[in-house]
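Trainee: Attaching a single structure in C-alpha cells format; questions to follow.
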Amino acid sequence: MAQYARGSTVAVIRLCNPPVNALSRAVLQALEDGLKKADADPSVKAVMICGENGKFSAGADIRGFSSPERSGGALGPIVSLIESSEKPVVAAIEGVALGGGLEVALGCHYRIAHMKARMGLPEVTIGLLPGAEGTQRLPRLIGVPAALEMITTGKHIPATEALKLGLVDEIVEENTIEAAIRLANKVIGQPLGPRRLSLKPVPKLPNMEAFLDKALVKVKKQAWGCLAPELCFQAVRAATERPFAEGVRRERELFQVLLSSGQAQALQYAFFAERAVRRWATPSGASWSSAAPQPVRKAAVIGLGTMGRGIVTCLVKANIPLVALEQDLENLNKGRKAVMVLLEREAMKMEGGAQTLDFHNPARLQFTVDFDQLRDVDLVIEAVFENMALKKEIFHKLSKICKPGALLCTNTSALNIDEIASATNHPQQVIGTHFFSPAHVMRLLEIIYGRHTSPTAIATAMQLAKALKKVGVVVGNCFGFVGNRMMFPYIQQAVFLLEEGSRPEAVDQVLEDFGFKIGPFRMSDLAGLDVGWRSRKDQGLTGPSLPAGTPARQRHGQRYSPLPDLLCEQGRFGQKTGRGWYQYEKAGGRTATPDPWLLNFLSQYRDTHGIKTRFIDQEEILERCLFSLINEGFAILAEGIASGPEHLDVIYINGYGWPKHRGGPMFYASTVGLPRVLAKLQKYSEAHPDVPGLRPSAFLKKLVAVGNPPLKEWMSYLSQQSSKL
Ligand code: 3HC
Ligand code: NAI
C-alpha cells in the first residue's frame, strides 16, 4: 500500500509493503491515488515520496512477473504521472532505491538521500531491463557512460557516489524525511521544466558512436551468453538516438522480449532460490526457525595452504579476530606471506584500506604453530591435507584443547564428517564447512551436518556464511556431499567421451558454449589433476593398492577410465606443471593450447584397448555430461541429502560456474522437460550398461510417471516410504 498524509503544505506518500516496499499492483494503485489526491487538493503545494521502515523501495514485485497480472508494465505511466505533476515532487531515499524504486525517484523533480542509502537498477541481474522509463531518464541525468555502467551491470551504488554522479541532489546524515520536507517547501513555486528529466537532452560525448561500439563489445564479453545486458545496452543506445517517447517505446519492446525469455525466468528463480536455502531444515526436524546461532568472537584456521589462505582472508574481512595455525615454522612463514599478499590486495579494493582491515594487529590476526593458542576460540576451521588419518588426529587434539562449546569445522571436500567427528568428545560440535577455491572469492559455502551435529552448530555455520557474505547451503553427509558428488559423473562422462573419440577442447567448447565459464578439462587442469589422483589412490582405485589382475578399464564391475591416472603418472598435473589435458606456456601458465602429445597418446590408448573411434556430436557431449550430473542430483534428493532442488541449483551457480541464466542444473532439467531427460538417459544407459551414472534415478522415473510436475512440487512426491528409492 501507500499511505497518504497531508502536512500544512506538503503531502506525504509513503510506500508500504514490507519487507522491502516492493511495488505490487496495490502499492502502485495507492501511489497513483495519492498523486491524484495531492493534485486535486489546492492546499497541497508539494509532494514528498518516501518508503516505510527506512527503505524507499526495492522495485517491482519480482513475484508479479510470473503472474498473468504483471506489475512491471504499470509502473512507467505512474513515473510519467509523477514527473508531469504541477507541484514539485521530492523523493526521500532511505535504505534502498532499486529498480522500479529508483525509477520512481527519477520521475520525481528532486532526490534527497540518506548517506547510507544504496541505489541501482539491478533488473539486468534478474534477466530484465529497467522497464519504467529508467533506461531513458538515467542517461539524461548522469550521462551515457555512468548510466550504461549502472544499467548493464546492475551494480548498487552508495549515496556518496550517487551524489558525485548527480543522481541525487543532496545527501543527509540525519533525518531524510524532514530534510526532504524542508526541500519540498523551499522549491514551491520554482519552475519544474528544468527538473523534468524527460525534457532534458542526453548529454553529448565527443564521439558517441565510437564510445557505444566499444561499450557494446565489453558488455557482450561480460554477458557470457546472458541476453539482458545486451538488451539493456540497446535501450540506452535508443536514448542516445531517439526522442524520449520513442526511446520509451523501444524500452518497452525490449522489456517484453526479456520478460518472455526463459533466461528471465531462470534468473528470477535463482534470486528466490538463494533466499529459500536460508530456511534450512534437516530430516531429523532441526530447522532455521528453531535453532539459534552461537556468537563467534574469535576463530582459528588450521593449515595455510591454497584454501586456508583464502579462508583467513574472508574471516579478516568479516572483522573476526583470528588465530592462523600451521604445522611448522617454514609452512607458517610461507602461509603468512601468502595471506598478507591477499589481504593487501583486498585492502586496496576497500575504502579505508589496510586500516579498515587491521590485519597487522596481532590481536586481530595471530600466526602460530602452537595448538595451545586455540584454547579460547569459538570456532575452528581445519584446512589441512585431504587425509582422514591426519584430520582425525587434528580433531582429536582440538577436542582436548578447545573449550567445550567451540564449533569444530572441517573444509574437507569429500571425506566422511561422522568419521572425523568420531575422533572428538563433542561430535555435536563438528560440522563441514566446504569453501570453494579461491575461498575469498567464491560465494558458496556448503555446510554439511553429520549424524550428531547439533542444530546450534548448523545455525552458527549459516550465520558465519552470512558474516562472510557467502551463500550457505545446508546438506547431508555423503561422499563428495552435493557439489562434488554431482561433479563426479560429469567429469567421468567427459573422460569417457575422450576414450570414445572426442578431444578435450571439443568437450570444453560445448560446455563453455552452454555457459560454463570453464569446461571440465580446463577446470581439471586449473584445480590440479593430482588432487583426484590422490583421492583415487586412497580409495584403492589406482596405485599400489590396486589388486593385481584388475582390468585396466573396469573397477567393481563398472566402467573406469585410467586416463587421468596415466596423465598423472607422466607428471602431467595441469597448470601447475605446465602440462595436463592441455599444454601451457610454462609451469603455472594459464593459457591452454591443445597438445599434439595428448592426441597421439589418446590414439595409442584407444589402439591398446581396442576402442573404435567414432564422431561424437555436440548434443551427445552436452547431454551425457549434464544429464548424468542432473541424474545424480535426483538421487541426492531421493536420499534426503538436500531438502530441495533449489539447494542443488544454488550450489551449482555459486560454486561450480553453472550459468545463472540457466537457473542451475535441476531448474535446467525442468526446462528441458523430465521426460526428455529420462529418455536420453535411458538411451545412453542402454549404450553403456556398465556406467551407473547414466542409469536413470528412480526418483526421476517417478516424477516422469506422475506427469512431469513443476519443480516446486517435486519434493512432495518423496514420501517417507519412498525416500529410500
Ligand atoms: N520483489 C519481491 N520480493 C522481493 C523483492 C522484490 N523486488 N526484493 C526483495 N524481496 C523479498 C525477498 O525475496 C525476501 O523475501 P523472503 O524474506 O520471503 O525470503 C525479502 O524481500 C527480503 O529480501 P532479502 O532477503 O534479499 O533482504 P536483503 O536485506 O538481503 O536485501 C535487497 C534487500 C537489496 C532489496 C534485495 O532483496 C534485492 O536486491 N532485491 C531485488 C531488487 C531488484 O532486483 N529490483 C528490481 C526489481 S525488477 C523492476 O523493478 C522492474 C522495473 O524496472 C519495471
Ligand atoms: P594444501 O596442500 O594447499 O594445504 C594444506 C596445508 O595444511 C599445508 O600448508 C600444510 O602445511 C598444512 N598442514 C598439514 N598438516 C598440518 C598440521 N598437522 N597442522 C597444521 N597445518 C597442517 O591443501 P588445500 O588445497 O588448501 O586443501 C585443504 C583442504 O581443503 C583439503 O581437505 C581439501 O580437500 C579441501 N579443499 C580443497 C580445495 C581446493 O581447491 N584446493 C577446494 C575445497 C576444499
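Residue numbers (numbering that gives the first Met the number 0): 0 to 724.
No residue lacks a Cβ here, since even glycine has one placed at the ideal position from N, Cα and C.
Given the structure is predicted, the values throughout are model-derived calculations rather than measurements.
#1: With contact counted as at least three CB pairs below 8 Å, one residue from each stretch, are the stretch 75-82 and the stretch 114-133 in contact?
#2: Compare the beta carbon distance of residue 86 and residue 45 with 7 Å and say whether it is the shorter of the two.
#3: Can you find a heavy atom of ligand 1 that lies under 6 Å from the Cβ of residue 530?
#4: Is residue 803 near residue 661, with beta carbons less than 7 Å apart?
#5: Near residue 634, what residues of its chain come up, given a Cβ to Cβ distance below 6 Å and the 5 sequence neighbours on each side ignored?
#6: With a CB to CB cut of under 6 Å and the five nearest residues on each side skipped, what residues in its chain are close to residue 454?
#7: May I have the straight-line CA-CA distance separating residue 261 from residue 444, to the nearest angstrom?
#8: Between the beta-carbon of residue 540 and the beta-carbon of residue 554, is there less than 7 Å?
#9: How many angstroms separate the CA atom of residue 719 from the CA atom of residue 705?
#10: Alpha carbon to alpha carbon, what distance is there between residue 371 and residue 436?
#11: How far does the beta strand (DSSP E) with residue 12 in it extend, from its first residue to its last?
#12: Assuming residue 276 and residue 645 make a contact with CB atoms under 8 Å, what is their CB distance in whole Å?
#13: Can you name, in chain order, every residue of its own chain whose Cβ lies under 7 Å from the Cβ of residue 550, other than the five neighbours on each side?
#14: Counting Cβ pairs, one atom from each stretch, are 3 or more of them under 8 Å apart for the stretch 310-329 and the stretch 482-491?
#15: Indicate, with yes or no, if ligand 4 has a heavy atom lying under 6 Å from the CB of residue 100.
#16: Report yes if the C-beta of residue 137 is less than 6 Å from at least one heavy atom of ligand 1; otherwise report no.
#17: Assuming residue 432 is part of the beta strand (DSSP E), what are its boundary residues?
#18: I want to know whether the stretch 556-565 touches the stretch 511-518 - three or more CB-CB distances under 8 Å.
#19: Less than 6 Å separating the Cβ of residue 9 from some heavy atom of ligand 1?
#20: If we count Cβ pairs, one from each stretch, closer than 8 Å, do we get three or more for the stretch 94-111 versus the stretch 203-216?
#21: Helix, strand or coil for residue 389, going by three-state DSSP, please let me know.
#22: Unbroken alpha helix (DSSP H) runs of length 4 or more, entirely within the stretch 275-353: which are they?
#23: Following the continuous alpha helix (DSSP H) through residue 471, name the residue where it begins and the one where it ends.
#24: When you measure from the CB of residue 304 to every non-hydrogen atom of ligand 2, does any distance come out below 6 Å?
#25: Tell me the DSSP secondary structure of residue 408 in three-state form.
#26: On a CA-only basis, which of 160, 617, 121 is nearest residue 152? Give me that one, please.
#27: Since residue 381 and residue 355 should fall inside the 8 Å C-beta cutoff, what is the C-beta to C-beta distance between them, to a whole number of angstroms?
#28: Where do the N-terminal and C-terminal ends of the alpha helix (DSSP H) with residue 237 fall, by residue?
#29: Does the Cβ of residue 212 have 16 or more other Cβ atoms within 10 Å, making it buried, or fewer, making it exposed?
#30: DSSP three-state call for residue 173: helix, strand or coil?
#31: Alpha carbon to alpha carbon, how far is residue 574 from residue 690? Give it in angstroms, no decimals.
#32: Have a look at the DSSP bridge pairing and note the partners of residue 47.
#33: For residue 364, write down the residues that DSSP places opposite it in a beta bridge.
Mentor: From the atom records:
#1: yes
#2: Working through the sequence shown from its first residue, we reach residue 86 at position 87. Working through the sequence shown from its first residue, we reach residue 45 at position 46. Contact flag set, yes.
#3: Within the sequence shown, residue 530 is the residue found at index 531, counting from 1. Flag unset: Cβ of residue 530 not near ligand 1.
#4: A query on residue 803 cannot be resolved here, the shown segment of the chain reaching from 0 to 724 and no further.
#5: The residue given as residue 634 occupies position 635 in the sequence shown. Answer for residue 634: 696, listed in chain order.
#6: Within the sequence shown, residue 454 is the residue found at index 455, counting from 1. The residues are 285, 290.
#7: In the sequence shown, the residue the question calls residue 261 occupies position 262. In the sequence shown, the residue the question calls residue 444 occupies position 445. Computed Cα separation, rounded: 28 Å.
#8: Taking the first residue of the sequence shown as 1, we reach residue 540 at position 541. Taking the first residue of the sequence shown as 1, we reach residue 554 at position 555. In contact: residue 540 and residue 554 (Cβ atoms closer than 7 Å).
#9: Indexing the sequence shown from 1 puts residue 719 at position 720. Indexing the sequence shown from 1 puts residue 705 at position 706. For residue 719, the predicted model reports a pLDDT of 49, less than 50, meaning its position is unreliable; a value from the coordinates is still stated below. Approximately 17 Å between the Cα atoms of the pair.
#10: For the purposes of this step, residue 436 is identified with residue 437 of the sequence shown, where counting begins at 1. For the purposes of this step, residue 371 is identified with residue 372 of the sequence shown, where counting begins at 1. C-alpha separation (whole angstroms): 29 Å.
#11: One-based indexing of the sequence shown puts residue 12 at position 13. Segment 9-14, the beta strand (DSSP E) holding residue 12.
#12: Residue 276 sits at position 277 when you count from the first residue of the sequence shown. Residue 645 sits at position 646 when you count from the first residue of the sequence shown. Going by Cβ atoms, the distance from residue 276 to residue 645 rounds to 6 Å, so yes, they are a contact pair.
#13: Counted from its first residue, the sequence shown places residue 550 at position 551. Excluding sequence neighbours, residue 550 sits near nothing in its chain.
#14: no
#15: Ligand 4 is absent from the structure shown, which contains only ligand 1 and ligand 2.
#16: As a working note, residue 137 is residue 138 in the sequence shown. Checking the Cβ of residue 137 against ligand 1 gives no.
#17: As a position in the sequence shown, residue 432 is number 433, starting the count at 1. Note, residue 432: beta strand (DSSP E), 429-434.
#18: no
#19: In the sequence shown, counting from the first residue as 1, residue 9 sits at position 10. No, since every heavy atom of ligand 1 falls outside the 6 Å radius drawn around the Cβ of residue 9.
#20: no
#21: Residue 389 sits at position 390 when you count from the first residue of the sequence shown. Residue state, collapsed to three classes: helix.
#22: 305-316, 328-348
#23: Taking the first residue of the sequence shown as 1, we reach residue 471 at position 472. Here residue 471 belongs to no alpha helix (DSSP H); instead the beta strand (DSSP E) covers 470-474.
#24: Along the sequence shown, one-based indexing puts residue 304 at 305. Answer for residue 304: yes, Cβ within range of ligand 2.
#25: Locating residue 408 in the sequence shown gives position 409, where the first residue counts as 1. The answer is strand: DSSP assigns residue 408 an E or B state.
#26: The sequence position of residue 152 within the sequence shown is 153, counting from 1. With distances taken between Cα atoms, residue 152 lies closest to 121.
#27: Mapped onto the sequence shown, residue 381 falls at position 382. Mapped onto the sequence shown, residue 355 falls at position 356. No, residue 381 and residue 355 are not in contact; Cβ-Cβ is about 28 Å, not under 8 Å.
#28: Here residue 237 corresponds to residue number 238 of the sequence shown, with the count starting at 1. Segment 227-240, the alpha helix (DSSP H) holding residue 237.
#29: For the purposes of this step, residue 212 is taken as residue 213 along the sequence shown, with counting starting at 1. Burial call: exposed.
#30: To locate residue 173, count along the sequence shown from 1; it is residue 174. In this structure, residue 173 counts as coil in the three-state DSSP scheme.
#31: As a working note, residue 690 is residue 691 in the sequence shown. As a working note, residue 574 is residue 575 in the sequence shown. Going from the Cα of residue 690 to the Cα of residue 574 covers about 29 Å.
#32: The residue labelled residue 47 in the question sits at position 48 within the sequence shown. DSSP lists 11, 89 as partners of residue 47.
#33: Working through the sequence shown from its first residue, we reach residue 364 at position 365. Partner(s): 321.
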